[in-house]
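Here is the structure we will look at.
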Amino acid sequence: MSSWRYQIMQHVADDGEAYLAVHEFYTMHNGDEGWTQRPVPIEAESISDLRMALINILRDLERHGVRDAKTGSPLI
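Take the sequence shown: its position 1, counting from 1, is numbered 1 in the numbering used here, and each next residue is one higher.
Pasting the structure below:
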């Protein structure tokens with residue numbers, strides 16, 4: 001069993017510019033961590049569902065900060 005949350009990840013574009021994107025981040029029952037290779041779309045079937053997704057993204061950003069997309073290491 002695993003659990004997931006949103007995680008903001010910092011990427012580096014081909015031109016060297018850094019950018020941030022939203023990913024799903026997984027913690028496995030054995031403590032291993034993983035995340036989606038590509039950012040996830042922010043979409044919903046209703047305004048209420050979209051609002052809740054955005055609130056959850058902001059909550060997880062406050063709790064977990066930003067990580068490097070290649071290594072998963074937390075960034076300061």
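For every residue, glycine included, the Cβ atom is placed at its ideal position computed from N, Cα and C.
With fewer than 16 other beta carbons inside 10 angstroms of its own, histidine 29 counts as exposed. With at least 16 other beta carbons inside 10 angstroms of its own, valine 22 counts as buried. In this structure, the straight-line span from the alpha carbon of valine 66 to that of proline 39 is close to 13 Å.
Buried is the label assigned to methionine 9, since at least 16 other Cβ atoms lie within 10 Å of its Cβ. About 21 Å separates the beta carbons of threonine 36 and glutamate 45, which is beyond the 8 Å limit, so they are not a contact pair.
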